[in-house]
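For the sequence shown, the residue numbers in the numbering used here are 74 to 578. Glycine included, each C-beta is placed from N, C-alpha and C at the ideal position. Please read these numbers as outputs of a predicted model, since none were measured by experiment.
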Amino acid sequence: MPAAPQNPQETAAAVSGQSTIDEIANIDIRTDLRIFTVMAAVTAAGFDENSGRQGKLAGLLRQDLADLDPGLRERLRAAFNERPFLTEQDQHTAYTSLALLLTGPPDFQLQTDAPEIPLDVQKILGFEELLPEFYEKAHIAVLWERYRPEYERELEAYRPVILDVIHKTIEYFHIPPRIALDRSIVVMSDLLGLQNVVHARNLERTYYIVLGPADQPQNNFDQIQHEYLHFLIDPLIEKSGGQLLKERSLMQLAEQQPNLRRDFRGRFLLTVDESLIEAVMHRLHPVPAGDEQAETVKQFRRGLIFFPFFMRELVEFEAAGREPFPAYLAGTMVSIPEDQIEEDATHVLEWELQSAARKKAEQAAAEEAENQERQRQEVQRLLAEAGQLIADKSWPEATIRLERLLQIQPENGSALFYLGQIAAQQQKPDLAASYYSRAEASDTAEPWVKAWCAVRLGRYLAYQRKFDEARRKFEGVLALGDDFKGARRAAQESLTHLPPAEQHQ
């Protein structure tokens, strides 16, 4: 379990209240007109028009923009649609990031001191040229005053979640509540974005977290904590960068993994960073017992090859008790043993093969169970049909169904019994006795079937004057105790028709 902080009372007090949050974690929680304007423009252009993943404000805004100049709307649509993305979320991320790189109204130009423009934003450059006209003709300044209170209420709803993230993270790290970093977090809301999506973008030393509409903000706790961990861990990785880069030959192993994100390729420190963050997240939010190996395989195949190494290190960190995480991490980063990472790769492959074998066995078992269920249903259907045909004295049709049933279950007791009944009705006593004998010996025959088979066989034996054998059959039925649908009474009556034992000895 994660160790307790050195002073829980001080920590809890330190993370209570708005001003304290801003002071402790360099967090700025605010609304942003640039995001509202860009997302209003892409909403007018048709973003998420059919899937309905935007929040309720998107529908209201579409009504407010119903009278937008048709020519402008068409140009927005054309600019928006000529830049396709694989998913709506990728598209949302790109336009949100574009907003963060712009100046405010009315110009909406790329900031002259903007950092390197991300690749996904480069893909949509030029869309911002329509924003000044859109801002004016859509009366965005007026609409913003109408919608802004909703944005502020959304941020207030998130404030307890952010407090909880800070409290639990610094508690785990054993770090003092007052931290001084050369970077900051800006938290903003985007009620025109996708439901329950937390968009994050790091631009130089500023970490932007843009929160989409959510019915339950607490459900986005993990996403927010992941970004807060970047805020805390990124500078520690950068500080150890020179030492870590000695191990960068391991990046070849990371790039061999099938699910490595494209933007991680060639970025060794980012791979180390993300491996550590995912390990911390999994120590704070453990997977269910028994799923640890599967989770390790998943993270390793994502290219986070240092995930198992950091998981082991974090267990030791927790056991240490009081050492602040930055100090502990500095000792860990002296060297990442290459042989351990390669051994982890071997274990991951073994677990993957074992998992594949288990899944194959489980699939085979499931298919067998499904096949058996289909057979059971077919057997029940054929029995029911044969029973009705026997009642209607349609012996040939009943026989066809029972023989088909025996192809599925060759020693089905009920089918054999029914065939015996049909043979008896057709005056074929030897054939009937053969069926009755097989039915009596069947493992699937119900007790009443076995009992009646014994009665029928006893009568057959008596007809052949094998009275001792017949008597044993009838007495065997009586010994069973139950009446078995009249079989006991029939056996008792049949005994009375046998000659006394001394007469046939």
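DSSP beta-bridge partners of residue i
{"i": "residue 279", "result": "257 and 276"}
{"i": "residue 102", "result": "260"}
{"i": "residue 271", "result": "284"}
{"i": "residue 175", "result": "183"}
Cα-Cα separation, residue i to residue j
{"i": "residue 215", "j": "residue 374", "result": "50 Å"}
{"i": "residue 491", "j": "residue 369", "result": "58 Å"}
{"i": "residue 516", "j": "residue 431", "result": "32 Å"}
{"i": "residue 361", "j": "residue 472", "result": "55 Å"}
{"i": "residue 174", "j": "residue 444", "result": "60 Å"}
{"i": "residue 507", "j": "residue 548", "result": "21 Å"}
{"i": "residue 153", "j": "residue 131", "result": "17 Å"}
{"i": "residue 280", "j": "residue 270", "result": "16 Å"}
{"i": "residue 574", "j": "residue 559", "result": "25 Å"}
{"i": "residue 499", "j": "residue 429", "result": "56 Å"}
{"i": "residue 554", "j": "residue 525", "result": "14 Å"}
{"i": "residue 364", "j": "residue 172", "result": "40 Å"}
{"i": "residue 224", "j": "residue 404", "result": "44 Å"}
{"i": "residue 213", "j": "residue 207", "result": "8 Å"}
{"i": "residue 204", "j": "residue 262", "result": "20 Å"}
{"i": "residue 198", "j": "residue 158", "result": "14 Å"}
{"i": "residue 388", "j": "residue 291", "result": "27 Å"}
{"i": "residue 564", "j": "residue 528", "result": "6 Å"}
{"i": "residue 300", "j": "residue 273", "result": "7 Å"}
{"i": "residue 91", "j": "residue 201", "result": "For residue 91, the pLDDT reaches just 44, beneath the cut-off of 50, and the residue's location in the model is therefore unreliable, although a value from the coordinates is still provided. Whole-angstrom Cα-Cα distance: 34 Å."}
{"i": "residue 133", "j": "residue 148", "result": "22 Å"}
{"i": "residue 416", "j": "residue 384", "result": "14 Å"}
{"i": "residue 89", "j": "residue 237", "result": "Caution is warranted here: a pLDDT of 40 is assigned to residue 89, below 50, making its placement in the model unreliable, and no coordinate value can be reported."}
{"i": "residue 356", "j": "residue 335", "result": "26 Å"}
{"i": "residue 266", "j": "residue 117", "result": "13 Å"}
{"i": "residue 435", "j": "residue 367", "result": "16 Å"}
{"i": "residue 233", "j": "residue 221", "result": "20 Å"}
{"i": "residue 145", "j": "residue 264", "result": "23 Å"}
{"i": "residue 394", "j": "residue 318", "result": "29 Å"}
{"i": "residue 461", "j": "residue 454", "result": "11 Å"}
{"i": "residue 136", "j": "residue 446", "result": "55 Å"}
Start-to-end residues for the alpha helix (DSSP H) that takes in residue i
{"i": "residue 557", "result": "Here residue 557 belongs to no alpha helix (DSSP H), and DSSP marks it neither H nor E."}
{"i": "residue 202", "result": "From DSSP, residue 202 is part of no alpha helix (DSSP H); its letter is neither H nor E."}
{"i": "residue 466", "result": "Taken as a continuous stretch (DSSP letters only), residue 466 belongs to no alpha helix (DSSP H), as it is neither H nor E."}
{"i": "residue 381", "result": "380-393"}
{"i": "residue 241", "result": "213-246"}
{"i": "residue 353", "result": "341-357"}
{"i": "residue 331", "result": "Taken as a continuous stretch (DSSP letters only), residue 331 belongs to no alpha helix (DSSP H), as it is neither H nor E."}
{"i": "residue 294", "result": "294-312"}
{"i": "residue 370", "result": "365-374"}
{"i": "residue 154", "result": "143-154"}
{"i": "residue 42", "result": "Since the displayed the chain opens at 74 and closes at 578, residue 42 lies outside it and no answer follows."}
{"i": "residue 493", "result": "486-498"}
{"i": "residue 402", "result": "398-405"}
{"i": "residue 192", "result": "192-195"}
Closest by C-alpha distance to residue i, when choosing among the options
{"i": "residue 402", "options": "275, 127, 258 and 309", "result": "309"}
{"i": "residue 37", "options": "399, 475 and 536", "result": "The first residue shown for the chain is 74 and the last is 578, placing residue 37 beyond what the model contains."}
{"i": "residue 523", "options": "533, 534, 535 and 510", "result": "510"}
{"i": "residue 351", "options": "332, 378, 326 and 338", "result": "378"}
{"i": "residue 169", "options": "144, 186 and 195", "result": "195"}
{"i": "residue 536", "options": "100, 562, 458 and 570", "result": "570"}
{"i": "residue 230", "options": "119, 287 and 483", "result": "287"}
{"i": "residue 210", "options": "140, 311, 244 and 264", "result": "140"}
{"i": "residue 344", "options": "480, 245 and 372", "result": "372"}
{"i": "residue 255", "options": "406, 284, 333 and 312", "result": "312"}
{"i": "residue 568", "options": "442, 545 and 239", "result": "545"}
{"i": "residue 495", "options": "481, 476, 482 and 484", "result": "476"}
{"i": "residue 228", "options": "176, 259, 442 and 110", "result": "259"}
{"i": "residue 257", "options": "275, 512 and 113", "result": "275"}
Where residue i falls: helix, strand or coil (DSSP)
{"i": "residue 127", "result": "strand"}
{"i": "residue 183", "result": "strand"}
{"i": "residue 440", "result": "helix"}
{"i": "residue 570", "result": "coil"}
{"i": "residue 75", "result": "Because the pLDDT of residue 75 is 41, which lies under 50, any placement of that residue in the model is unreliable, and the number read from its coordinates should be weighed accordingly. Note: residue 75 maps to coil in three-state DSSP."}
{"i": "residue 520", "result": "helix"}
{"i": "residue 319", "result": "helix"}
{"i": "residue 537", "result": "coil"}
{"i": "residue 160", "result": "coil"}
{"i": "residue 120", "result": "coil"}
{"i": "residue 460", "result": "helix"}
{"i": "residue 455", "result": "helix"}
{"i": "residue 408", "result": "coil"}
{"i": "residue 360", "result": "coil"}
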